[in-house]
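Enquirer: If you scroll down you'll find the structure; I have some questions about it.
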Amino acid sequence: MDPIFQTNQFLLKRQVFALTGKFRLYDPGGQLVLFSQQKMFKLKEDIRVYSDETKTRELLFIRARQILDFSAAYDIVDSQMGTKIGVLRRQGFKSMLQDEWQVLDPNDQPIGILREDTLLRSLLRRFLLGTFLPQDYDLLIGDSRVADLRQRFNLFRYELDIDCSMDTAQRLDRRLAIAAGILLATVEGRQE
111 MDPIFQTNQF LLKRQVFALT GKFRLYDPGG QLVLFSQQKM FKLKEDIRVY
161 SDETKTRELL FIRARQILDF SAAYDIVDSQ MGTKIGVLRR QGFKSMLQDE
211 WQVLDPNDQP IGILREDTLL RSLLRRFLLG TFLPQDYDLL IGDSRVADLR
261 QRFNLFRYEL DIDCSMDTAQ RLDRRLAIAA GILLATVEGR QE
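Just so you know, we're using our numbering here: the sequence shown kicks off at 111 and counts up by one.
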């Protein structure tokens, strides 16, 4: 596994004016450590994560299982090894009012939940305040919070802090946290 996936904190920035979704992930020192780009003109979501903007070394890919699916499932695969790391599956009807995703292991067994902060805040965000109330997600494995994905307030671009530092037991594969951040930014980009 690439050493960058041992890092506990990332800042994800989504490029605003691009034909396809472009995402850059930075380490706590501000160094670009990962670059991601959606494939153009694909019916199924296909997002690649590279070691840098030259796109010479692909590390991960995120692929939707279905073309259109209200409860979409996304396989997260290690490109170097060709092995599935896990799955993120959006909870369709639950996510209408408050975003919720299931986190599944490589065998599609549930291991955790990625959930938007509170129902009240999510309703305020959807129906009243929009981007003026940034999103905040907790990633739980069992009852333990292992990651926090918190959007920064910024009117001009999408920025998301991915923080796994509370996961001292290393229960969460950092690649799943990164994929979750990219998918949240992708979904948010479509909603805007």
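Beta carbons: idealized from backbone N, C-alpha and C, even for Gly.
#1: For residue 248, which option in 241, 240, 257 has the closest C-alpha, if you only look at C-alpha atoms?
#2: Thinking C-alpha only, which one of 118, 284, 149, 155 is nearest residue 139?
#3: Along the chain, which unbroken stretches of the beta strand (DSSP E) at least 3 residues long are found entirely within the segment 179-232?
#4: Less than 7 Å between C-beta atoms, sequence neighbours within five positions excluded: which residues of the same chain meet that for residue 282?
#5: Would you mind sorting residue 280 into buried or exposed? The rule is 16 or more other CB atoms within 10 Å of its CB.
#6: With DSSP collapsed to three states, give me the class of residue 170.
#7: Per DSSP, what are the beta-bridge partners of residue 132 in this structure?
#8: Look at residue 112 and residue 198 and say whether their C-beta atoms are less than 8 Å apart.
#9: Tell me where the beta strand (DSSP E) around residue 260 begins and ends.
#10: Tell me which same chain residues have a C-beta within less than 7 Å of the C-beta of residue 167, skipping the five on either side of it?
#11: Since residue 120 and residue 137 are thought to touch, with beta carbons under 8 Å apart, how far apart are those beta carbons, to the nearest angstrom?
#12: Do you know how far the Cα of residue 164 is from the Cα of residue 276?
#13: By DSSP, does residue 124 sit in helix, in strand, or in coil?
#14: Thinking C-alpha only, which one of 272, 254, 285, 245 is nearest residue 297?
#15: Who are the near neighbours of residue 209 in its chain, counting only those whose CB is closer than 6 Å to its CB and skipping five residues on each side?
#16: In terms of residues, what are the limits of the beta strand (DSSP E) holding residue 271?
#17: Check whether the Cβ atoms of residue 122 and residue 291 lie closer than 8 Å to each other.
Expert: On the basis of the coordinates in this document:
#1: Against the sequence shown, residue 248 aligns to sequence position 138. For residue 248, the nearest C-alpha among the options comes from 257.
#2: Mapped onto the sequence shown, residue 139 falls at position 29. Cα-wise, what sits closest to residue 139 is 118.
#3: Qualifying beta strand (DSSP E) stretches, in chain order: 183-188, 193-200, 210-214, 220-226.
#4: Here residue 282 refers to the residue found at position 172 when the sequence shown is read from its first residue. These residues qualify, in order along the chain: 249, 251, 256, 257, 274.
#5: Residue numbering aside, residue 280 sits at position 170 when the sequence shown is read from its first letter. Exposed.
#6: Here residue 170 refers to the residue found at position 60 of the sequence shown. Residue 170 falls in the strand class under three-state DSSP.
#7: The residue you call residue 132 lines up with position 22 of the sequence shown. Partner(s): 147.
#8: Numbered from 1 along the sequence shown, position 2 holds the residue referred to as residue 112. Numbered from 1 along the sequence shown, position 88 holds the residue referred to as residue 198. No, the pair does not count as a contact, with Cβ atoms beyond the cut-off.
#9: Position 150 of the sequence shown, counted from the first residue, corresponds to residue 260. 254-261 is the span of the beta strand (DSSP E), which, as asked, contains residue 260.
#10: To locate residue 167, count along the sequence shown from 1; it is residue 57. Cβ-Cβ distances below 7 Å link residue 167 to 160, 161 in the same chain, with the five nearest sequence neighbours on each side left out; the list follows chain order.
#11: Counted from its first residue, the sequence shown places residue 120 at position 10. Counted from its first residue, the sequence shown places residue 137 at position 27. With 8 Å as the limit, residue 120 and residue 137 qualify as a contact, their Cβ atoms being about 7 Å apart.
#12: For the purposes of this step, residue 276 is taken as the residue at position 166 of the sequence shown. For the purposes of this step, residue 164 is taken as the residue at position 54 of the sequence shown. Distance between the alpha carbons of residue 276 and residue 164 is about 32 Å.
#13: Walking along the sequence shown from the start, residue 124 turns up at place 14. If DSSP states are grouped into helix, strand and coil, residue 124 belongs with the strands.
#14: Taking the sequence shown and counting its residues from 1, the one referred to as residue 297 is at position 187. Here the closest residue by C-alpha is 245.
#15: As a position in the sequence shown, residue 209 is number 99, starting the count at 1. Cβ contact annotation for residue 209 (same chain, cutoff 6 Å, sequence separation greater than five): 226, in chain order.
#16: Stepping through the sequence shown from its first residue, residue 271 is reached at position 161. Looking at the DSSP string, the run of the beta strand (DSSP E) that includes residue 271 is 268-273.
#17: To locate residue 122, count along the sequence shown from 1; it is residue 12. To locate residue 291, count along the sequence shown from 1; it is residue 181. Taking 8 Å as the Cβ cut-off, residue 122 and residue 291 qualify as a contacting pair.
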